[in-house]
Every structure is written in structure tokens, then in C-alpha cells.
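Q: The listed protein sequences derive, respectively, from chains A and B.
Heads up, the first sequence is in the UniProt record's numbering, so the first residue is 1 and it goes up one at a time.
Heads up, the second sequence is in the UniProt record's numbering, so the first residue is 1 and it goes up one at a time.
Beta carbons: idealized from backbone N, C-alpha and C, even for Gly.
Number of protein chains: 2
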Amino acid sequence: MLAPTLKRLRAASRLTLQQLSERSGVSVSTLSKIENGQLSPTYEKIAALASGLGVEVGELFGQVPKPTPLGRRSVTRAGGGAVHETDQYRYEAVNADLPGKRFVPLVTTIKARSIQQFGELSRHDGEEFIYVLDGEVTVHSDYYTPLTLSKGDSCYFDSAMGHACISGGEEDARVLWVCSHSSLA
Amino acid sequence: MLAPTLKRLRAASRLTLQQLSERSGVSVSTLSKIENGQLSPTYEKIAALASGLGVEVGELFGQVPKPTPLGRRSVTRAGGGAVHETDQYRYEAVNADLPGKRFVPLVTTIKARSIQQFGELSRHDGEEFIYVLDGEVTVHSDYYTPLTLSKGDSCYFDSAMGHACISGGEEDARVLWVCSHSSLA
DNA sequence: TACAAAATTTTCGTATAAGAAAAATTTTCG
DNA sequence: CGAAAATTTTTCTTATACGAAAATTTTGTA
Chain A
1 MLAPTLKRLR AASRLTLQQL SERSGVSVST LSKIENGQLS PTYEKIAALA SGLGVEVGEL
61 FGQVPKPTPL GRRSVTRAGG GAVHETDQYR YEAVNADLPG KRFVPLVTTI KARSIQQFGE
121 LSRHDGEEFI YVLDGEVTVH SDYYTPLTLS KGDSCYFDSA MGHACISGGE EDARVLWVCS
181 HSSLA
Chain B
1 MLAPTLKRLR AASRLTLQQL SERSGVSVST LSKIENGQLS PTYEKIAALA SGLGVEVGEL
61 FGQVPKPTPL GRRSVTRAGG GAVHETDQYR YEAVNADLPG KRFVPLVTTI KARSIQQFGE
121 LSRHDGEEFI YVLDGEVTVH SDYYTPLTLS KGDSCYFDSA MGHACISGGE EDARVLWVCS
181 HSSLA
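(1) In chain B, which residues lie less than 9 Å from F61 of chain A when you measure between Cβ atoms?
(2) How about A82 of chain A: is its C-beta nearer than 8 Å to some C-beta of chain B?
(3) Contact criterion: CB-CB distance below 8 Å. Does T138 of chain B meet it with respect to chain A?
(4) Below 7 Å CB to CB, which residues in the same chain sit around P67 of chain B once its five sequence neighbours on both sides are set aside?
(5) Using a Cβ cut-off of 8 Å (strictly closer), state whether A12 of chain A contacts chain B.
(6) Pull up the distance between the alpha-carbon of D97 of chain A and that of G80 of chain A, whole angstroms please.
(7) Assuming P105 of chain A and F129 of chain B make a contact with CB atoms under 8 Å, what is their CB distance in whole Å?
(8) Counting only the same chain and skipping the five closest in sequence on each side, list residues whose C-beta sits under 6 Å from that of K7 of chain B.
(9) For the alpha helix (DSSP H) that contains T5 of chain B, what are its first and last residues?
(10) Given A47 of chain A, which residues of its chain have a CB within under 7 Å of its CB, disregarding the five upstream and five downstream residues?
(11) Which residues in chain B sit within 8 Å of N95 of chain A, going by Cβ to Cβ distance?
(12) Using a Cβ cut-off of 8 Å (strictly closer), state whether P69 of chain A contacts chain B.
(13) Comparing alpha-carbon positions, which option in A:Y143, A:L9, A:Q117, A:F103 lies nearest V64 of chain A?
(14) Can you pull the chain A neighbours of L98 of chain B, defined as C-beta to C-beta under 7 Å?
(15) Could you give the uninterrupted runs of the alpha helix (DSSP H) lying entirely in the UniProt domain "HTH cro/C1-type" (6–60) of chain A, keeping only those of 4 residues or more?
(16) By the criterion of Cβ-Cβ separation under 7 Å, what are the contact partners of S180 of chain A in chain B?
(17) Our contact map puts R90 of chain B next to T108 of chain B with C-beta atoms below 8 Å; I'd like the distance itself, whole angstroms only.
(18) Does the segment 13–32 of chain B touch the segment 166–178 of chain A, meaning 3 or more C-beta pairs lie closer than 8 Å?
(19) Ignore the nearest five residues each way along the sequence and tell me which others in H84 of chain B's own chain have a CB closer than 7 Å to its CB.
In C-alpha cells, the structure reads:
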């Protein structure tokens, strides 16, 4: 359904057919016909239209651009997050009441004491960041030798690379863990 | 340049023209002509092609799908980040050596002591997360009354909403600040 | 090499996209 | 309201997209 999409986008930009014609290089008559569903534009015209409208071509094919909700905010007090526990980690998902975030912050306690506790290293889409709040953390990952991080140290890495964290010191380490969402919508 | 793009995508899927024709509903002869640049397909054919190939239409228009670099990692020791300072904040960009991250972590010292120090509130695309490391922070923003956060508290919000942080207690507060990138590439 | 099968390109008739200009419609403003 | 201007739609001609089938090229196998 290109016709209504184009109508909507042109209206949103407050352009006349004449103006859009100038910006895109597509003739006024052709634009009119497209908007009335009387004509199916070719590749060049579609590319020109997207360019003239300043949108991604995907938008003309009904793909939503970015579902950015506006003005959301969420507060979590210390220790007030939703706890989720595995053998290796104790996650406290802060600001969990906000769905669809672009990245996910987790206050995490690292229970694991040895790499043996991990079967296979974790691997998934996205990127991660770790900031050490307390204690000592050793990061094991593909391609790198184990890395020890102390309070205030941080590490950013690609999640597709196998990874695992273990506590190094006397007591369980605590880190602020941030994960990006997977790439595809 | 649709022709080489289509050739590449079809080769990647190991499909013959016949097979792609069956999957997409576009005739073999038309496919051949498109791949040889002898013909500019219409809207319907383009949509059908993307569907048959299992790719986003944007790919047919030369947009890269997802440039996910694999296996990157960066380490920053406490206090070892790149410092950037404004009147209100002192940013320490950790893991700054890694370009193109999906979100940006900043260890930030909040120097501002009053909302008057901010002219206009900050407003930009994206989302942000603040985790208080030390001290007390008051978050001012559109739509909400000022919010005071103590050590261990966190807040996640939409960056398009005007926002500003000031230190509340005796000494400058320190927070771990995470910003998502702007939506469009 | 020969030969058949598969894959691709070309041919050709029909349908339709493209744009210029005319016609119709809507908007603006006295 | 009514005329002029702006905007959109229609008309008409040319160029080109589309698919079926034929022609050609490539691939696989003996």
C-alpha cells in the first residue's frame, strides 16, 4: 500500500506535489498517480522519492522507522530491582518496569568462583558493558586471555564472543552490567 | 545499482533464477533483465523480491543490514578514561577506543549545584540510564518533579525529554551514565 | 569430446510507467 | 462572493516493464 503511505509522508512534511517533485526529481503527474494508486513506480522513482522525502526506503514499504516512545522514565532505588538468579549470577534488573529499552542495565552479583562452573561460554547477539562496583572480577572470553577487573574498572565487548565472569576476591563481586538488545526488530 | 546487489544476494542464497522466481512470484525473464540492468522493477516486484530473498527492502537499495563487528573488546581501568569537561559535568568516557558502540558508558562527576546553571535542559535522541556511584543526585526533567537519587539508585529515561542532573550532597556526586546512540545511522 | 539437462538470456506482444501540458479543482485574498 | 493563484488530476504520447516461449549458454556426466 504505497499510495496512503506516500500521502501520509508528504502531508507530514507539508510539501505540495510540486515541491516534492522538485526535491525528488519525479514529475508532478507521476506523483499524483502514485498517490492515487494508479501507478506502480519503478526502482529509480522509489529511491528518488525516499530521498526527496528524507526517509529510508523501508518506510515506503510499510516498515516502521523507529518506535521511540517519548518522555518515559523509570526509577529504581538501591536494592529495589527485580531479582533473577542463576547458578553463576544474581541479577537485579533495575528499571525493569520500562519495556522496550535500547539497552538493559543489571546490577549483578557474580557468584561463580571458577570457570568450570560454566559449561559453554555465553554467546548471543549484541554488546555488553561491565563496570565493577565492588570486589574483583575475572572476565573469560574467546580470543582473549582472562582479564581481571577491580573496582571502578570497566570492559565493553561484543556478546557474540563467548564470555563468562567469575568473582576473584574473598567475597562475591558486584558489577553494573549493561546489555544492548539484539540487533533485529 | 540494483543489478549487482540482486546478483550478490541471489548468489548468497544459492538460488537459481527459476527458484527465486518461484519464491518471489517474479518471472525468470524479468529477473534476468533486472540482474543485467536492462529493466527497473516496479514497487510490487521490488517488494516481492525482498520477500523472496528474505531480506529487508532497504538491502536492495544498498543499505547495509547490520554492521556488527565480531569479537571486539575494550578495557578501561578505574580513572583511565578520556576526560571531557563542561561547566556542569566532568565526563570520563570509558572504553572510548571502541568506535561505533551501541551505547556509550560515561563515568560522570556532576559539578552543577543548581538548576540555574543549566540554561535549557538537554534534549536529544536516544535513551539514558544513570546509576549513582557516590553522593546524591537530583534529576530535573520535563513532565516530572525533581527526583533525588542516592548511592545505588538508578533511573532510565528518554533523552528527548529535557533533562539535567545536579549534585545534592556535600561533595560532587559520581554516576555511571549510559547513553544509547541516536536512532538513525 | 559429445550430449543432455539445467540455467540464463533474448525475442516479442501486451500492459503499464513516465512526463508535458491541458483541464479540473481547491485555496487565497480583495 | 468572485477572480487569481495554487494545487491536483486527467489526457495523451513515448518509453519501458512484464511474462511466455524460443534461443542460447553453461554445467554435469559418460
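A: To lay it out plainly:
(1) Y43, I46, A47, A50, E56, V57, G58
(2) Not closer than 8 Å to any Cβ of chain B, the Cβ of A82 of chain A fails to qualify, so no.
(3) no
(4) Annotation note: pLDDT 47 at P67 of chain B (below 50); position unreliable, coordinate value reported separately. There are no such residues.
(5) no
(6) 12 Å
(7) Confirmed, Cβ separation roughly 5 Å.
(8) E35
(9) 2–13
(10) V57
(11) F129, S154, C155, Y156
(12) Confidence at P69 of chain A is low in this model, with a pLDDT of 48, below 50, so its placement is unreliable and the value that follows should be read with caution. Output row for P69 of chain A: interface = yes.
(13) The shortest CA-to-CA distance from V64 of chain A to any of A:Y143, A:L9, A:Q117, A:F103 is the one to A:L9.
(14) Y156
(15) 17–24, 28–35, 43–53, 57–60
(16) Contact of S180 of chain A with chain B by beta-carbon distance below 7 Å involves R102, F103.
(17) That pair is a contact at about 7 Å.
(18) no
(19) Y91, A93
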